[in-house]
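Asker: If you scroll down you'll find the structure; I have some questions about it.
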Amino acid sequence: MTAMCDVAFLLLSFFILATKQKPPEAVTVVAPTSVSSKAAPEKSFLITLTKEGKCFLIIGDETKKKEILSDLNTTKSLGLSDGELSKLNKQAFIGMPLGQLKGFLAVEGGIPPDKMPGIPIVDSTNNELVDWLRSISNVYAKAGTTQRDLEDKVVIKGDNLAKYPAFKNIKYALKQNAIFKFKIATNSETIPKDSELYMENQKAK
Amino acid sequence: MAEMDTSSGGGHKKGPGVKKPKKLSTRVDLTPMVDLGFLLITFFVFTTTMSKPTAMNMNEPKDDPDNQLKVKNSGAMTILLGKNDQVYYYMGELSPENASQQFKSTNFKDIRQVILDKKKATPIGDLMYIIKSDKEATFKNAIDILDEMSINAVPPGHYAEVEMSDTEAELIRLTEQANGIK
C-alpha cells in the first residue's frame, strides 16, 4: 500500500509541476486552425482580435512593460501620474482608447476586459495600435534589441468570425512600425493525407 | 498502612496478573489516501488540454511603389474571398469582355484541387497566387487560404495578399446575387 501511495503522489506532483497554466484570456477567442506545428512564443506581445472587431493588447514582457507605458505617456502626452501608471502596469489587458485611459483607471476595482471598448483600429487615421506598437519598438530599440527579435514576439490572435478589415488594420499598424513579420496564433490541425505538404514531409523522413 | 509495593523491583519482573502493554501497530490504513491521490491524478489528466498553442509565420512585403513585382499573365491565379466562406477565382488577368466566364466560384473544400492543378500546370518561376479578401470575408478565411498554400506546398514568395479592386468587388456582389448568398 505504501508503494502504491508513493506512486500516486509522485504522479500527482509530476502532473502539477509539469503543466503550465494557460495565460489569462481577456475575452473568448476561437482561433483558426492551421497545419503549422511551430510553438507560439512566450512573453509575446499578443494582439487579440475578437469577433466584434475589438482589439486588445497584452504586453507579455513584464520587465519592459513599465518602460513601454511611460514611453507612451510621454510621446502621446497622456498626463498620467506615477500612481496611474503603476495601476495600468498591473492590468493584463489593454483595451481602451488612449483618451479614456485616465477615466478607466479611476474606476474602483477596474473594468472587466469584456466591458472594455478595445483599442481603436478603425482606419489609418484613427489607429491607436500604431502608437502602442511605436512605444514598444522605441523601448526595444533603446534596450538594444533588434527589430528581428521584436518581430519574433508579435503574435496576433484573432477570432474565426472577426471581419477581414479589422485584421487589415492591425497589419497596417504593424507595417507602420516596420514590423513585417509576425505570428498568428492558431490551433494545430493535422496535415491532410496525400497533400503536397504531407508527401514532402514523408520524403524528408 | 499505606505502603508502596516495591516488590516488582524496577518493573523487570512482572507478576502473573500484570499484562504486557499491547504493542500498537504504527501502520496506518493508506487506502483513502491512495484513493484521493488517484482521484486528483485523474482530475488533472482530464482537465488539462495537451494542445500547445501553435503559431503561423506571416511575412508582409514592404510597400514599395517603385519596385512593383511583375507577374506573368499565364502563371497568375487570383483567389478572392467573399462572405459566407465563399471563394472565387480566376486565371490570369480579368478581361472586361468575358469576365463572367473567367470568374468562377467555389468553396474552401474544392479550392485545394484548383490550387494544385494550377501549380502542376505552371512552371514554378511563373507561378503566382494573388489573394484578395473582400470586406465581408472573415479572419478565418484569410488564415485558411494561407494554410491552403502551405498544405499545397506553394513556396513562399509565390503568393501574396493584395487589395481588392472595385471591379472585383462588384463581380463578387453580382455572383453572390446570382447564387443567392446573403
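Those protein sequences? They're chains W and S, same order as listed. Numbers given in the numbering used here equal positions in the first sequence, counted from 1, plus 822. Numbers given in the numbering used here equal positions in the second sequence, counted from 1, plus 941. Here a beta-carbon is modelled for each residue, glycine too, at the ideal position from N, C-alpha and C. Source: prediction; values computed, not measured.
1. Short of 8 Å in beta carbon distance, which residues of its chain neighbour V944(W), apart from the five on each side in sequence? Order them along the chain.
2. Locate the beta strand (DSSP E) running through G905(W), then write down its first and last residues.
3. What residues match up with M974(S) in a beta bridge as DSSP calls it?
4. Is the Cβ of M1069(S) closer than 7 Å to any Cβ of chain W?
5. In chain order, what residues of the same chain lie with their CB nearer than 7 Å to the CB of F1049(S), ignoring the 5 residues before and after it?
6. Flag L981(S) as yes if its beta-carbon sits less than 7 Å from any beta-carbon of chain W, otherwise no.
7. Taking DSSP as the reference, what is the three-state secondary structure of G980(W)?
8. Leaving out five residues before and five after V1012(S) in sequence, what residues of the same chain have Cβ atoms less than 6 Å from its Cβ?
9. Can you find a C-beta in chain W that's less than 7 Å from the C-beta of T1079(S)?
10. Using a C-beta to C-beta distance shorter than 7 Å, which residues of chain S count as neighbours of E864(W)?
11. By alpha-carbon positions, which one of G966(W), V929(W), A988(W) and F867(W) ends up nearest to K771(W)?
12. Would you please verify whether the beta carbon of F915(W) is less than 7 Å from any beta carbon of chain S?
13. Using only alpha-carbon positions, find the residue among S1017(W), L834(W), K909(W) and K912(W) that is nearest to H974(S).
14. DSSP three-state label for E950(W), please.
15. If the cut-off is 9 Å on Cβ atoms, which residues from the segment 1071-1100 of chain S count as contacting chain W, listed in chain order?
16. For I1084(S), which three-state DSSP category applies?
17. Classify S949(S) as buried or exposed, calling it buried when 16 or more other Cβ atoms lie within 10 Å of its own Cβ.
18. Looking at the C-beta of G980(W), does it have a partner C-beta in chain S at a distance below 7 Å?
19. Under the three-state reduction of DSSP, which class applies to L871(W): helix, strand or coil?
20. Is E930(W) helix, strand or coil by DSSP?
21. For S899(W), which option in F836(W), T870(W), F1002(W) and D953(W) has the closest C-alpha, if you only look at C-alpha atoms?
22. Whose Cβ in chain S lies nearer than 7 Å to the Cβ of K993(W)?
Answerer: Inspection of the coordinates gives the following:
1. N991
2. Here G905(W) belongs to no beta strand (DSSP E); instead the alpha helix (DSSP H) covers D904 to K912.
3. Per DSSP, none; premise fails for M974(S).
4. no
5. D1026, V1028 and D1085
6. yes
7. strand
8. M1069
9. yes
10. In chain order: nothing, as chain S lies at least about 10 Å away.
11. The structure shown does not extend to residue 771(W), since chain W is modelled only from 823 to 1027, so the question has no answer here.
12. no
13. Looking at the sequence provided, one finds Met at residue 974(S) rather than His. Selected option, being the one with the closest Cα: L834(W).
14. coil
15. S1074, D1075, K1076, E1077, A1078, T1079, F1080, K1081, N1082, A1083, I1084, D1085, L1087, D1088, S1091, I1092, N1093, A1094 and V1095
16. helix
17. Annotation note: pLDDT 49 at S949(S) (below 50); position unreliable, coordinate value reported separately. Burial call: exposed.
18. yes
19. strand
20. coil
21. D953(W)
22. E1001
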